[in-house]
Each structure stands twice: as structure tokens, then as C-alpha cells.
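Student:
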Amino acid sequence: MNVGDAVLAQRLRVSAATGWGGRLRWADTFTRELPGDSAVAESPFAAADRQAADGAEEVTVATTEAAFRLSRAVRGALWSWAVPASHPEPQLVGVSDAGARLVGLSRAAFWDDPRAAAAVWSGNVRLAGSRPWAHCYGGHQFGVWADQLGDGRAISLGEVVGDCGRWEVQLKGAGRTPYSRFADGYAVRRSSIREYLAAEHMAALGVPTSRSLALVFTGRVVQREEEELGAIVARLAPSWVRFGSFELPASRREHAVVQALADYTIRHHFPDAAAGEARTSPGGPNRYAELLRRVVQRTAVTVARWQAAGFCHGVMNTDN
Numbered sequence: 001m002n003v004g005d006a007v008l009a010q011r012l013r014v015s016a017a018t019g020w021g022g023r024l025r026w027a028d029t030f031t032r033e034l035p036g037d038s039a040v041a042e043s044p045f046a047a048a049d050r051q052a053a054d055g056a057e058e059v060t061v062a063t064t065e066a067a068f069r070l071s072r073a074v075r076g077a078l079w080s081w082a083v084p085a086s087h088p089e090p091q092l093v094g095v096s097d098a099g100a101r102l103v104g105l106s107r108a109a110f111w112d113d114p115r116a117a118a119a120v121w122s123g124n125v126r127l128a129g130s131r132p133w134a135h136c137y138g139g140h141q142f143g144v145w146a147d148q149l150g151d152g153r154a155i156s157l158g159e160v161v162g163d164c165g166r167w168e169v170q171l172k173g174a175g176r177t178p179y180s181r182f183a184d185g186y187a188v189r190r191s192s193i194r195e196y197l198a199a200e201h202m203a204a205l206g207v208p209t210s211r212s213l214a215l216v217f218t219g220r221v222v223q224r225e226e227e228e229l230g231a232i233v234a235r236l237a238p239s240w241v242r243f244g245s246f247e248l249p250a251s252r253r254e255h256a257v258v259q260a261l262a263d264y265t266i267r268h269h270f271p272d273a274a275a276g277e278a279r280t281s282p283g284g285p286n287r288y289a290e291l292l293r294r295v296v297q298r299t300a301v302t303v304a305r306w307q308a309a310g311f312c313h314g315v316m317n318t319d320n
């Protein structure tokens with residue numbers, strides 16, 4: 001085992017000391033039901049869990065860390081397994097009470113042990129049962145097709161299902177993935193504070209938005225126009241599927257992948273759009289057309305509410 005593998009093996013241990021195990025009910029339909037990156041066929045965390053269950057003192061993995069960090073083209077897939085980076089000196093600085101309730105947690109659960117919470121919500125310590133991944137998608141940026149983009153600095157920890165519905169939990173600024181391209185995979189405090197506050201402000205105004213769960217500062221020095229300190233936003237959405245999730249496989253003529261994603265989206269997010277048995281019969285119900293109609297309508301309503309609140313997105317590209 002080389003040094004990179006040894007570091008990754010250490011990161012795959014599931015710590016019970018945090019007290020967070022079992023607090024979240026995982027239901028990872030996205031990675032179970034949709035095609036994933038064939039370069040890493042199994043989550044390294046699954047192997048780690050099996051070894052831990054067998055009483056292994058040292059958890060090892062067969063896949064090199066480079067498979068999770070180096071940029072590459074990913075075809076015929078909608079996601080890749082991901083491993084959050086290890087962040088120095090994580091510090092919990094904010095918790096959204098409303099966001100926590102969406103996934104069955106309380107604000108007190110974080111502040112009862114802020115050091116343990118910072119370790120979990122920075123990605124330094126994995127939640128038991130979590131199998132992190134990064135989304136694969138493309139997009140038009142400022143009117144120009146950019147081809148493969150993907151989650152270059154966001155890693156989904158999993159989907160949580162509870163009394164408030166389905167929420168995909170994601171760490172933004174968690175480190176490099178196969179989609180990072182030339183970026184470092186990190187986020188800085190300036191932009192992370194802005195997203196953390198803006199999401200909850202928009203939600204309070206009744207505007208459809210992603211939600212914030214927690215904000216963690218780190219001691220990592222991140223190079224932007226000048227040196228800044230790092231941060232991670234733990235954020236929520238019913239799904240992080242976007243227009244670009246469909247665009248990339250469509251551009252590659254991976255029609256089966258497009259249909260699988262459409263079927264998944266209807267099944268889990270627009271179940272009433274699947275009216276009738278016929279999908280494409282002449283003159284009959286077409287659930288794909290109904291999905292498109294619903295998405296167009298929701299997008300129009302969302303942008304109208306932005307305008308009513310005086311909010312400007314600024315980067316309204318299809319990968320966002």
C-alpha cells in the first residue's frame with residue numbers, strides 16, 4: 001500500500017465516538033437505481049463497513065486515492081463514488097435550526113458537542129451508513145456548451161428520508177472529485193457564509209431554494225485572487241439533479257441514461273406525472289412531456305419569486 005492508499009484507508013474508518021451514528025435514515029436511491037462510474041465499481045466505504053463488521057482493526061481499500069481525486073472523463077454514468085478530503089482545524093460556526101429539522105435533527109444535537117459535529121460536517125469523520133458520491137453533469141455556461149462539468153467541490157453524503165420528505169445531504173467545499181478539472185475542490189469562508197445565509201433567507205421569504213444545514217470553518221489556506229481561509233457548507237435539497245444532468249448524456253447520445261434519469265426523477269420527485277400506462281402512445285399520456293411541463297412551470301415560478309424578492313442569481317447556467 002502506498003502513502004496515498006494508506007491515507008485513504010485511514011479516512012474510511014467509521015468512528016462511533018461522534019455519537020452521530022443512527023441519527024439519520026439513509027435511503028440512497030440515486031446510486032442504487034442509476035448508472036455509476038465504472039472506474040470504481042464499488043463504494044470504498046462499503047468495503048470498509050464490511051471489514052469493520054468482521055472486526056478488522058485496520059480498514060484497507062483496493063482502490064488508489066487517485067481514482068477519487070484526479071479529473072477524468074466519465075461516460076455512461078450519472079455519478080462517481082467520492083471521498084471527502086481531510087480538513088485541518090474544523091470549527092462549527094453555524095447551524096440552521098429549520099434546516100436541521102428537515103432531516104430529523106435538532107440544533108442542540110450539533111452544539112452539544114461542537115467539535116464532534118465539526119468533524120462530521122466537514123467530512124473528516126464519516127457518518128455510519130453514508131456512501132458519498134459526486135454528480136456527473138454538463139452544462140451551457142453563458143450560452144456556450146461546456147461539456148462535462150460535474151460536482152467538482154461538492155460531495156453528497158447520501159439521501160435522508162424522514163417526516164419532512166427526501167433530502168440529499170451535500171458538503172460543498174469538501175475536496176477534489178473526478179469532476180474538479182483544474183480546481184482544488186475547496187470553498188472559502190466569504191462565499192460559504194453568503195450561501196449559508198442566503199439559502200435560509202430565501203426559504204423564509206417563501207422562495208424555492210436549497211437549504212442550509214451547517215457551516216464549518218477550517219484552517220485550510222485556499223488560494224484564490226489572494227489567500228483565504230476555507231469553509232464547508234452542509235446543504236440540503238430534495239435532489240441535486242439539474243438540467244445539465246440530462247444535457248451531458250443527451251449530448252453523447254446516451255439515450256438509455258437520459259431515460260433512466262427521467263424515469264428516476266418522475267418516480268421519486270414527480271410520481272403523479274406518470275398518469276396512465278402509456279408513455280408515448282399517440283394522443284395518450286406522455287409522462288416525459290409532463291415532466292418537462294412541470295419543470296418549466298416550476299422554473300418560471302422560482303425565477304418570478306426571485307425577481308419579486310429583488311434577488312439576482314448572476315450565474316443562471318444549466319449546470320447550476
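Per full-length UniProt numbering, residue 1 is the first one in the sequence shown, and the count goes up by one each step. Heads up, the beta-carbon is just placed ideally off N, CA and C, and yes, glycines get one too.
#1: What number of angstroms, rounded off, separates the C-alpha of residue 323 from the C-alpha of ASP54?
#2: Can at least three beta-carbon pairs, one atom from the stretch 100 to 117 and one from the stretch 188 to 208, be found at a separation below 8 Å?
#3: Anyone know if the C-beta pair for VAL74 and ASP37 falls short of 9 Å?
#4: Examine the Cβ distances between the stretch 160 to 176 and the stretch 78 to 90 and report whether three or more of them are shorter than 8 Å.
#5: Return the chain-ordered ranges of every beta strand (DSSP E) run that is complete within the stretch 200 to 243 and spans a minimum of 3 residues.
#6: Please report the straight-line C-alpha distance between ARG101 and PRO249, rounded to a whole angstrom.
#7: How many whole angstroms separate the CB atoms of GLY152 and TYR179, which I take to be in contact at a CB cut-off of 8 Å?
#8: Between which two residues does the alpha helix (DSSP H) harbouring GLY99 extend?
#9: Can you find at least 3 beta carbon pairs, one from the stretch 161 to 170 and one from the stretch 228 to 243, that sit closer than 8 Å?
#10: If you drop the 5 nearest sequence neighbours on each side, which residues of the same chain put their C-beta closer than 6 Å to that of GLY219?
#11: Classify HIS140 as helix, strand or coil using the three-state DSSP reduction.
#12: Please classify ALA117: is it buried, with 16 or more other beta-carbons within 10 angstroms of its beta-carbon, or exposed?
#13: How far does the beta strand (DSSP E) with VAL161 in it reach, from first residue to last?
#14: Give the C-beta separation of PHE246 and LEU261 to the nearest angstrom, bearing in mind that I take them to be a contact with Cβ-Cβ under 8 Å.
#15: Tell me, please, which residues DSSP counts as bridged to SER80.
#16: Please go through the same chain and pick out, in chain order, the residues whose beta-carbon is closer than 6 Å to the beta-carbon of TRP26, but skip the five residues on each side of it.
#17: Mark TRP145 as exposed unless 16 or more other C-beta atoms lie within 10 angstroms of its C-beta, in which case mark it buried.
#18: Within the stretch 27 to 54, note down every full alpha helix (DSSP H) run reaching 4 residues or more, in order along the chain.
#19: Given ILE266, which residues of its chain have a CB within under 7 Å of its CB, disregarding the five upstream and five downstream residues?
#20: Going by Cα to Cα distance, which pick from SER191, LEU215, SER212 and GLU195 is closest to GLU228?
#21: Taking HIS313 as the reference, give the member of LEU215, PRO285, LEU127 and PHE142 with the closest Cα.
#22: Can you tell which of GLY99, SER122 and GLY76 has its C-alpha closest to the C-alpha of GLN91?
#23: Using C-beta distances below 7 Å, list every residue in its chain close to GLY94, excluding the 5 sequence neighbours before and after it, in chain order.
#24: Throw me the rounded Cβ distance for the ALA231 and ARG189 pair, which I believe falls under 8 Å.
#25: Under the DSSP definition of a beta bridge, which residues are partnered with VAL169?
#26: Assuming PHE182 is part of the alpha helix (DSSP H), what are its boundary residues?
#27: Between which residues of its own chain and GLY276 is the CB-CB distance below 6 Å, once the five residues before and five after are set aside?
Tutor: Here's the rundown:
#1: As shown, the chain starts at 1 and ends at 320. That puts residue 323 outside it, with no answer to give.
#2: no
#3: yes
#4: yes
#5: 211 to 223 and 227 to 237
#6: 35 Å
#7: 5 Å
#8: 97 to 102
#9: yes
#10: PRO88 and GLU89
#11: strand
#12: buried
#13: 154 to 162
#14: 6 Å
#15: ALA134
#16: GLY129 and GLY158
#17: exposed
#18: 29 to 33 and 44 to 53
#19: ALA273, ALA274, ARG287 and LEU291
#20: SER191
#21: PHE142
#22: SER122
#23: TYR196, ALA214 and LEU215
#24: 4 Å
#25: GLY158 and LEU236
#26: Note, PHE182: premise wrong, no alpha helix (DSSP H); not H, not E.
#27: The predicted model places GLY276 with a pLDDT of 49, which falls under 50 and marks its position as unreliable; any figure quoted below should be read in that light. The answer, listed in chain order, is PRO285.
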